[in-house]
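**Student:** Quick one: structure below, then a few questions.
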Amino acid sequence: GQQVMQIPQYQHVQEGEDFTTYCNSSTTLSNIQWYKQRPGGHPVFLIQLVKSGEVKKQKRLTFQFGEAKKNSSLHITATQTTDVGTYFCAGIGVTGGGNKLTFGTGTQLKVEL
Amino acid sequence: NAGVTQTPKFQVLKTGQSMTLQCAQDMNHEYMSWYRQDPGMGLRLIHYSVGAGITDQGEVPNGYNVSRSTTEDFPLRLLSAAPSQTSVYFCASTGTPLAGYTFGSGTRLTVV
Chain U
-16 GQQVMQIPQY QHVQEGEDFT TYCNSSTTLS NIQWYKQRPG GHPVFLIQLV KSGEVKKQKR
44 LTFQFGEAKK NSSLHITATQ TTDVGTYFCA GIGVTGGGNK LTFGTGTQLK VEL
Chain H
9 NAGVTQTPKF QVLKTGQSMT LQCAQDMNHE YMSWYRQDPG MGLRLIHYSV GAGITDQGEV
69 PNGYNVSRST TEDFPLRLLS AAPSQTSVYF CASTGTPLAG YTFGSGTRLT VV
């Protein structure tokens, strides 16, 4: 079945440093979504990418969808303590995916002052 | 709008007991899903539904049953609880799978 892996699993940064998490799927995706989960909270939808090579920005966050639609990345510029949480990618496979949204393993971000 | 409401928030079960986790949404969403979250394993899909009367299995369906008699409700039933089912369970819904899902606040289940 479809598998979605994320690296790194954990990342500690100093406030002001940049952060990147990478998402890799075993199969081609029709879309990629990104979610943020604060400690003790539930996942919250951030954004969706659909087109090959697509890049979207939300303030300090930059999201990319790979040309082959099998990988994606989230880059945060100049992290702040409010960025703390776990970031998940999720996607629906082009073949056999149906309507199943498969989540990645997540990257936990900690930001220190 | 309440969004996605899950009850209970916390539950402790003994091995072999059965229970139902409730999920209700007031956004008229057709698509609803149940996920479980375990440390280091992300969110794994248990069951999902694309509309009332239609359900399908996800990645880890064994030990769980679902039904979708109305658009609003999507309960998850644990038939005979096992310690391996200790987890945080999230219900989520969306109007279309090509849009983001709205998650409930979760149910933290412990099976002893």
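As you go down the protein sequences, you meet chains U and H in turn. Per the working numbering, the first sequence starts with residue -16, numbered consecutively. Per the working numbering, the second sequence starts with residue 9, numbered consecutively. Ideal placement from N, C-alpha and C gives every residue a C-beta, glycine not left out.
Quick one: measure Cβ to Cβ for Q(-8) (chain U) and G48 (chain H), integer angstroms, because I've assumed they're closer than 8 Å.
**Tutor:** Here residue -8 (chain U) is taken as the residue at index 9 of the first sequence, counted from 1. Here residue 48 (chain H) is taken as the residue at index 40 of the second sequence, counted from 1. With a Cβ gap of about 7 Å, Q(-8) (chain U) and G48 (chain H) count as contacting.
**Student:** Under DSSP, the beta strand (DSSP E) around A100 (chain H) begins and ends at which residues?
**Tutor:** Counting from one through the second sequence, the residue named residue 100 (chain H) turns up at place 92. Counting along the chain, the beta strand (DSSP E) containing A100 (chain H) begins and ends at S95 to T102.
**Student:** Is it buried or exposed for H25 (chain U), if we count other Cβ within 10 angstroms and need 16 for buried?
**Tutor:** In the first sequence, counting from the first residue as 1, residue 25 (chain U) sits at position 42. Flag for H25 (chain U) reads buried.
**Student:** Is it buried or exposed, A73 (chain U), if we count other Cβ atoms within 10 angstroms and call 16 or more buried?
**Tutor:** Locating residue 73 (chain U) in the first sequence gives position 90, counting from the first residue. Classification of A73 (chain U): buried, given that the 10 Å Cβ count is 16 or more.
**Student:** Got a sec: is the Cβ-Cβ distance from V58 (chain H) to anything in chain U below 8 Å?
**Tutor:** Within the second sequence, the letter at position 50 stands for residue 58 (chain H). Yes, V58 (chain H) counts as interfacial toward chain U.
**Student:** Got a sec, what are the start and stop residues for the beta strand (DSSP E) H58 (chain U) sits in?
**Tutor:** Along the first sequence, one-based indexing puts residue 58 (chain U) at 75. Its beta strand (DSSP E) spans residues N54 to I59.
**Student:** Assuming G66 (chain H) contacts Y56 (chain H) under a Cβ cut-off of 8 Å, what Cβ separation, rounded to an integer in Å, is found between them?
**Tutor:** For the purposes of this step, residue 66 (chain H) is taken as residue 58 along the second sequence, with counting starting at 1. For the purposes of this step, residue 56 (chain H) is taken as residue 48 along the second sequence, with counting starting at 1. Right, their Cβ atoms sit about 6 Å apart.
**Student:** Is the Cβ of K40 (chain U) closer than 8 Å to any Cβ of chain H?
**Tutor:** Here the question's residue 40 (chain U) lines up with position 57 in the first sequence. Judged by the 8 Å Cβ criterion, K40 (chain U) is not in contact with chain H.
**Student:** Figure out for me which residue from U:R21, U:G76 and U:A61 has the closest Cα to the Cα of G114 (chain H).
**Tutor:** In the second sequence, residue 114 (chain H) corresponds to position 106, counting from 1. Cα-wise, what sits closest to G114 (chain H) is U:R21.
**Student:** In the DSSP output, what is L29 (chain U) paired with across the bridge?
**Tutor:** Translated into the one-based positions of the first sequence, residue 29 (chain U) becomes position 46. DSSP output for L29 (chain U) lists no bridge partner at all.
**Student:** May I ask you to list, following chain order, the residues of the stretch 34 to 63 of chain H that have a beta carbon less than 8 Å from some beta carbon of chain U?
**Tutor:** Residues Y39, S41, Y43, G48, M49, G50, L51, R52, L53, Y56 and V58.
**Student:** Using a beta-carbon distance cut-off of less than 8 Å, what residues from the stretch 63 to 76 of chain H approach chain U?
**Tutor:** Flagged, chain order: D64, G66 and E67.
**Student:** Roughly how many whole angstroms lie between the Cα atoms of S77 (chain H) and T64 (chain U)?
**Tutor:** Numbered from its first residue, the second sequence carries residue 77 (chain H) at position 69. Numbered from its first residue, the first sequence carries residue 64 (chain U) at position 81. Computed Cα separation, rounded: 43 Å.
**Student:** With burial defined as no fewer than 16 other Cβ atoms inside 10 Å of the residue's Cβ, what is the status of G50 (chain H): buried or exposed?
**Tutor:** Locating residue 50 (chain H) in the second sequence gives position 42, where the first residue counts as 1. Buried is the call here.
**Student:** Mapping the DSSP letters down to three states, classify S35 (chain U) as helix, strand or coil.
**Tutor:** In the first sequence, the residue the question calls residue 35 (chain U) occupies position 52. It is coil, neither helix nor strand.
**Student:** Using a Cβ-Cβ cutoff of less than 6 Å, which residues in the same chain neighbour A32 (chain H) once the five nearest sequence positions on both sides are dropped?
**Tutor:** Walking along the second sequence from the start, residue 32 (chain H) turns up at place 24. Cβ within range, chain order: T13, E80 and D81.
**Student:** Tell me, please, which residues DSSP counts as bridged to A51 (chain U).
**Tutor:** Taking the first sequence and counting its residues from 1, the one referred to as residue 51 (chain U) is at position 68. DSSP output for A51 (chain U) lists no bridge partner at all.
**Student:** Please report the distance separating the alpha-carbon of A61 (chain U) from that of L92 (chain U).
**Tutor:** Numbered from 1 along the first sequence, position 78 holds the residue referred to as residue 61 (chain U). Numbered from 1 along the first sequence, position 109 holds the residue referred to as residue 92 (chain U). Rounded to the nearest angstrom, the two C-alpha atoms are 13 Å apart.
**Student:** What are the boundary residues of the beta strand (DSSP E) that includes H55 (chain H)?
**Tutor:** Here residue 55 (chain H) refers to the residue found at position 47 when the second sequence is read from its first residue. L51 to G59 is the span of the beta strand (DSSP E), which, as asked, contains H55 (chain H).
**Student:** Run through chain U and tell me which residues come within less than 7 Å of P105 (chain H), C-beta to C-beta.
**Tutor:** What you label residue 105 (chain H) is simply residue 97 of the second sequence in a count that begins at 1. Under the 7 Å cutoff, chain U gives I75, N82 and L84.
**Student:** Thinking just about the alpha-carbon of each residue, which of U:L84, U:G36 and U:K19 is nearest to the one in F28 (chain U)?
**Tutor:** Here residue 28 (chain U) is taken as the residue at index 45 of the first sequence, counted from 1. The candidate whose alpha carbon is nearest that of F28 (chain U) is U:K19.
**Student:** Please report the distance separating the alpha-carbon of L29 (chain H) from that of R43 (chain U).
**Tutor:** Here residue 29 (chain H) is taken as the residue at index 21 of the second sequence, counted from 1. Here residue 43 (chain U) is taken as the residue at index 60 of the first sequence, counted from 1. Roughly 38 Å separates the two Cα atoms.
**Student:** So E95 (chain U) packs on Q(-3) (chain U), CB below 8 Å; how close in whole Å?
**Tutor:** In the first sequence, counting from the first residue as 1, residue 95 (chain U) sits at position 112. In the first sequence, counting from the first residue as 1, residue -3 (chain U) sits at position 14. Contact flag correct, Cβ pair sits at about 6 Å.
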